Amino acid sequence: MAKFFAITIIVIAILSAIPILRHTWVAPEDISTHGHLIDEQMSETMAEAGISFLAAQFILAIFVWRFSNPGPDAKIKKFPGGAKGLVIAALLVVGIEVMALGIFGVKAWANVYLSPPSADAMPIQVQAGQFAFYFRYPGPDGKLGPIHPELINEGSQNFYGLDPEHDPDSKDDIVTAEMAIPVNKEIHLLMHSKDVGHSFFVRELRVQQDFVPGLDVSLHFTATKVGKYEIVCTQLCGLGHYNMKAYLSVMSQPDFDDWMKKEAAMQ
Amino acid sequence: MRTKQMLLALLTLLVCSSLMFAGTVSGKVTYTGTPAKQKPIDMSKEPSCAKQHATPVTVETVVTGPNNALENVVVYVSSGAPDDGQVPSQAVTFEQKGCQYLPHVLAMHVNQELKIVNSDQTSHNIHPLAKVNREWNKSQPPGTPPISEKYDKPEFISVKCNVHPWMHGEFAVLNTNHYDLSKGGGDFKLPNLPPGKYTITAWHEDYGTQTADVTITGNETKDVNFTFKAKAY
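Written out as structure tokens, the structure is:
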């Protein structure tokens, strides 16, 4: 019975590794300049975690095979150094592993989150609220007008609480429900939440960042491929969470300019 | 046989006489100034709704007609109405279709049954922001039976959908059955008012309320017009 159990462990471990080694489930196409760093990091993590997982399963199987029927006279062996040594050894091994993943992984992460955007990055504000995203472009003056939360009125489409009558900077602001960006242009995304925690996730961009109520979060990225992609909320935010999404359209510069004109006319 | 005929004649006489002495208040609702631009609504997040509209629908806070007519104004008898407490047995229906509320403004009597229908292929979460009445919000997935509700106090209630932020409607819960909603030409009509003194109130969701006092002496039609001042933003 013990030998059967040991073989089962080995079989399950190998079967679960096959689809990963064969790349059965591949990540969607990467359309960002930083995405390859994230993908490389993910592969490294998968390799390290995968090897550790297989090693652990094999060791478990060996122990089950060898020591499950010790017989009445067998002596119980102890780990050298006793339980204390075992715990310290485990902490060291797991700790070094986790630290190593963190230290190597921070390179990819810091590239997106800790480095400042370039000076000519295009600012776009995104506001998450139950259960939709709205985007604001600064317009020709390049300035986003101030937000007055008390003026937020979704019924009249004033999602941001703008007061164009009194704030000259708000006059040319363009608020949209779809996010369009020019291809190969760095975008500086300024994020805030209207209500609870949300998340901005675009698989193809390899961008996933939480909205934290009360915090202004920002990130920057450059999309390299024209197309339409889905922006989804990946932080459970309430009843309509499943339906909280918007679309990201990556366009050529002339197409983007046309789109911008059309949106400006609708304000 | 004879008794039946007599009764019928009596009944006809009664109906005719009550009609004879029923006055009507009618008029027009207009605005002065320039109303704020009604922005188009981008429903791209909900493709099943977006494709129902060939041209993008706009916000319906201020709906105007030709010659400065103002639509969606609830005109009602706010005092003096003879039918206080008579709740109509028929329900009023509020439909969610193409991610919009139909009608945008719905008037009803206190305690009248309110049926909320979801005709869309997506879930809605209807949330009337009642302050005087009990506030509630209810989720309504596609294909589910209508929600039945009622309000027991008069109130003007803004309605929103918790799933689709652009959806916006209004409930006017009134203590009278003498009400009308101004239509395309801004016209309204309040018939069947017995002789008496009345206060007529016109309510608009953005421009506020106006009142007018009217005295009906017999079988007559009194003209009452309301003019609201448009808000630029």
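Going down the list, the protein sequences come from chains F and V. Numbering-wise, the numbering used here comes out as the position in the first sequence, counting from 1, plus 641. Numbering-wise, the numbering used here comes out as the position in the second sequence, counting from 1, plus 222. Beta carbons: idealized from backbone N, C-alpha and C, even for Gly. Remember, it's a predicted structure, so these values are computed and weren't measured experimentally.
Distance between beta carbons of residue j and residue i, contact taken as under 8 Å
i: Thr252/V; j: Thr449/V; result: 5 Å
i: Ala658/F; j: Ala702/F; result: Not really, about 14 Å apart at Cβ, beyond 8 Å.
i: Asn397/V; j: Pro310/V; result: About 13 Å separates the two Cβ atoms, so there is no contact after all.
i: His349/V; j: Gln362/V; result: No, His349/V and Gln362/V are not in contact; Cβ-Cβ is about 11 Å, not under 8 Å.
i: Ala291/V; j: Glu806/F; result: About 25 Å separates the two Cβ atoms, so there is no contact after all.
i: Gln322/V; j: Val284/V; result: About 16 Å separates the two Cβ atoms, so there is no contact after all.
i: Asp782/F; j: Asp813/F; result: 6 Å
i: Pro325/V; j: Thr286/V; result: With 8 Å as the limit, Pro325/V and Thr286/V do not qualify as a contact, their Cβ atoms being about 16 Å apart.
i: Pro387/V; j: Phe842/F; result: 20 Å between Cβ atoms; not a contact.
i: Trp425/V; j: Val295/V; result: 7 Å
Close Cβ partners of residue i (< 8 Å) along its chain, the five nearest in sequence each way excluded
i: Pro711/F; result: Ile717
i: Ala643/F; result: Val705, Trp706, Ser709, Asn710
i: Gly838/F; result: Asp851, Phe852, Val853, Pro854, Gln876, Cys878
i: Glu670/F; result: Glu845, Lys866
i: Asn884/F; result: Phe772
i: Val738/F; result: The amino acid at residue 738/F is misidentified as Val; the sequence shows Glu. Hits under 8 Å: Glu689, Ser693.
i: Pro660/F; result: Trp666
Neighbour-count burial assignment, residue i, 16 or more Cβ in a 10 Å radius
i: Ser239/V; result: The pLDDT assigned to Ser239/V is 47, lower than 50, so where the model puts this residue is not dependable; a value taken from the coordinates is nonetheless given after this. Answer is exposed; the Cβ neighbour count stays below 16.
i: Leu662/F; result: exposed
i: Gln876/F; result: buried
i: Lys273/V; result: exposed
i: Ala786/F; result: Checking the displayed sequence, the identity of residue 786/F turns out to be Gly instead of Ala. So Gly786/F ends up on the buried side.
i: Lys902/F; result: exposed
i: Thr817/F; result: buried
i: Phe645/F; result: exposed
i: Phe772/F; result: buried
i: Arg356/V; result: exposed
i: Pro823/F; result: buried
i: Val891/F; result: buried
i: Thr649/F; result: exposed
i: His882/F; result: buried
i: Leu235/V; result: Confidence at Leu235/V is low in this model, with a pLDDT of 46, below 50, so the placement of that residue is unreliable and no value is reported for it.
i: Asn414/V; result: exposed
i: Asn289/V; result: exposed
i: Met832/F; result: buried
i: Phe720/F; result: exposed
i: Val354/V; result: exposed
i: Leu727/F; result: exposed
i: Ser759/F; result: exposed
Chain F residues whose Cβ lies nearer than 9 Å to that of residue i
i: Ala505/V; result: The structure shown does not extend to residue 505/V, since chain V is modelled only from 223 to 455, so the question has no answer here.
i: His426/V; result: The premise fails here: His426/V is roughly 13 Å from chain F at the closest Cβ pair, so nothing lies under 9 Å.
i: Ser380/V; result: Gly796
i: His400/V; result: Under the 9 Å cutoff, chain F gives no residues; its nearest Cβ is about 28 Å from His400/V.
Residue(s) in a DSSP beta bridge with residue i
i: Ser840/F; result: Asp851/F
i: Gln834/F; result: One detail in the question is off: residue 834/F reads as Ser in this sequence, not Gln. BP columns for Ser834/F point to Ala769/F.
i: Met892/F; result: Pro823/F
i: Val816/F; result: Arg777/F
i: Asn799/F; result: Asn794/F
i: Lys719/F; result: Answer is none; Lys719/F lacks a bridge partner.
i: Val446/V; result: Answer is none; Val446/V lacks a bridge partner.
i: Lys869/F; result: Ser890/F
i: Gly409/V; result: Note that residue 409/V corresponds to Asp in the displayed sequence, not to Gly. Bridge partners of Asp409/V: Lys250/V.
i: Ala329/V; result: Ala394/V
i: Tyr373/V; result: Its beta-bridge partners do not exist; DSSP assigns none.
i: Leu324/V; result: Glu317/V
i: Leu292/V; result: Thr286/V
i: Trp419/V; result: In the sequence as presented, Trp is not what sits at residue 419/V; that position holds Lys. Note: Lys419/V sits in a beta bridge opposite Thr437/V.
i: Gly430/V; result: His426/V
i: Leu860/F; result: Leu830/F
Contact list for residue i against chain V, beta-carbon separation under 7 Å
i: Thr686/F; result: In chain order: nothing, as chain V lies at least about 33 Å away.
i: Ala933/F; result: Not covered by the structure: residue 933/F. The range shown for chain F is 642 to 908.
Partners in chain V for residue i, counting only beta-carbon separations shorter than 9 Å
i: Lys903/F; result: Simply none; closest approach about 11 Å.
i: Glu819/F; result: Asp264, Ser266, Lys267
i: Met907/F; result: Lys261, Pro262, Asp264, Pro278
i: Gly770/F; result: Pro387
Contacts of residue i in chain F (Cβ-Cβ under 7 Å)
i: Asn300/V; result: Correcting the residue type first, residue 300/V is Ser in the shown sequence and not Asn. Those within 7 Å of Ser300/V in chain F number zero; the least Cβ separation is about 24 Å.
Chain F residues whose Cβ lies nearer than 8 Å to that of residue i
i: Val281/V; result: Gly796, Ser797, Gln798
i: His331/V; result: Within chain F, no residue comes near His331/V; the closest Cβ sits about 24 Å away, beyond 8 Å.
Per-residue contacts from residue i into chain V (C-beta, under 8 Å)
i: Leu880/F; result: Asn347, Ser361, Asn384, Val385
i: Lys886/F; result: Lys267
Spatial neighbours of residue i in its chain, beta-carbon cut-off 6 Å, leaving aside the 5 residues before and after
i: Asp445/V; result: Gly249
i: Ser840/F; result: Asp851, Cys874, Thr875, Gln876
i: Val237/V; result: Because the pLDDT at Val237/V is just 47, under 50, the model does not fix this residue reliably, and the point stays unresolved.
i: Lys451/V; result: Thr254, Gly255
i: Gly770/F; result: Lys835, Asp836
i: Pro713/F; result: none
7 Å Cβ shell around residue i - same chain, five flanking residues per side excluded
i: Lys532/V; result: Past the edges of chain V, shown from 223 to 455, lies residue 532/V, and the structure says nothing about it.
i: Asn752/F; result: His675, Leu678
i: Glu819/F; result: Ala887, Tyr888, Ser890
i: Leu695/F; result: Ala654, Ala658
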